[in-house]
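Asks:
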Amino acid sequence: MTCASTGKAAVAISGTTIHTALKISSSRLVPLNSETAQQYRTLFKYIKVTIVADISRISAQLLLKVDSRLKQITGNFQSNFGGLDIILIGDFRQLPPVGSTPIYKQPKQTLVGPILWRNLNFYELNEVKRINNFLLYLQKLANHWIKGK
1 MTCASTGKAA
11 VAISGTTIHT
21 ALKISSSRLV
31 PLNSETAQQY
41 RTLFKYIKVT
51 IVADISRISA
61 QLLLKVDSRL
71 KQITGNFQSN
81 FGGLDIILIG
91 DFRQLPPVGS
101 TPIYKQPKQT
111 LVGPILWRNL
121 NFYELNEVKR
131 INNFLLYLQK
141 LANHWIKGK
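For the sequence shown, the UniProt record's numbering puts the final residue at 149, and the numbers step up evenly by one.
#1: Quick one: is F92 buried, meaning 16 or more other Cβ sit within 10 Å of its Cβ, or exposed?
#2: Hey, would you say I73 sits closer than 8 Å to A37, going by beta carbons?
#3: Ends of the beta strand (DSSP E) at L84?
#4: Grab the span of the alpha helix (DSSP H) containing I89 for me, first residue to last.
#5: How close, in whole Å, do the beta carbons of V49 and I87 come, if the pair is a contact with beta carbons under 8 Å?
#6: Does the contact criterion of 3 or more C-beta pairs under 8 Å hold for the stretch 3-15 versus the stretch 49-68?
#7: Could you tell me whether the Cβ atoms of N33 and N80 are closer together than 8 Å?
#8: Count the other C-beta atoms from every protein chain shown that fall within 10 angstroms of the C-beta of D85, then say buried if there are 16 or more, exposed otherwise.
#9: I'd like to know whether the C-beta atoms of P97 and S68 end up nearer to each other than 8 Å.
#10: Using DSSP's beta-bridge definition, name the partner residues of V49.
#11: Please classify S59: does DSSP put it in a helix, a strand, or coil?
#12: Can you name the start and end residues of the beta strand (DSSP E) that T2 belongs to?
#13: Buried or exposed for Q61, please, with buried defined as at least 16 other CB atoms from any protein chain shown within 10 angstroms of its CB.
This is the structure we're talking about:
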């Protein structure tokens, strides 16, 4: 499953928003009714990995909701994210969540968010591909413009 924190990011990765994918509202997390929960369980039999893009915009509170929802769907309440593999992608130097606590900070209401965060394996990617491709594109554009004169 591929999802993101915002609609624009979701479109860019051909996914959906995390809110839509897991039926999470912006207020409190309401448990799924039995019919919907069963539909999700059927769907999640085929899902091995959940990818969440634009992670800088995900709040600690939303990460807790994702954890709770995946536990409800899988029935695995002992493991983080219901025992599913989850890949969080993004750049924390970009915009933080609006009016909320970033996932790597402790929210005032609970200690669970930072505990989830600390239990994740972190891999820092140091090579910036998007800018490299953009610079290459600018170079090609400049070469074409010079040759076209």
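Each residue gets a CB set at the ideal place from its N, CA and C atoms; glycine is no exception.
Replies: Let's see:
#1: Exposure of F92 is indicated by the presence of fewer than 16 other C-beta atoms within 10 angstroms of its C-beta.
#2: Closer than 8 Å, so yes.
#3: Per DSSP, L84 belongs to no beta strand (DSSP E) and is neither H nor E.
#4: Counting along the chain, I89 falls outside any alpha helix (DSSP H), and DSSP gives it neither H nor E.
#5: For a cut-off of 8 Å, the C-beta gap from V49 to I87 is around 6 Å, short enough to register as a contact.
#6: Here the stretch 3-15 makes contact with the stretch 49-68; the two share three or more CB pairs at distances below 8 Å.
#7: No. Outside cutoff.
#8: The residue in question, D85, is exposed, as its Cβ has fewer than 16 Cβ neighbours within 10 Å.
#9: No, the pair does not count as a contact, with Cβ atoms beyond the cut-off.
#10: DSSP lists D85 as partners of V49.
#11: In the structure shown, S59 sits in a strand (DSSP, three-state: E or B).
#12: Counting along the chain, the beta strand (DSSP E) containing T2 begins and ends at 2-4.
#13: It counts as buried.
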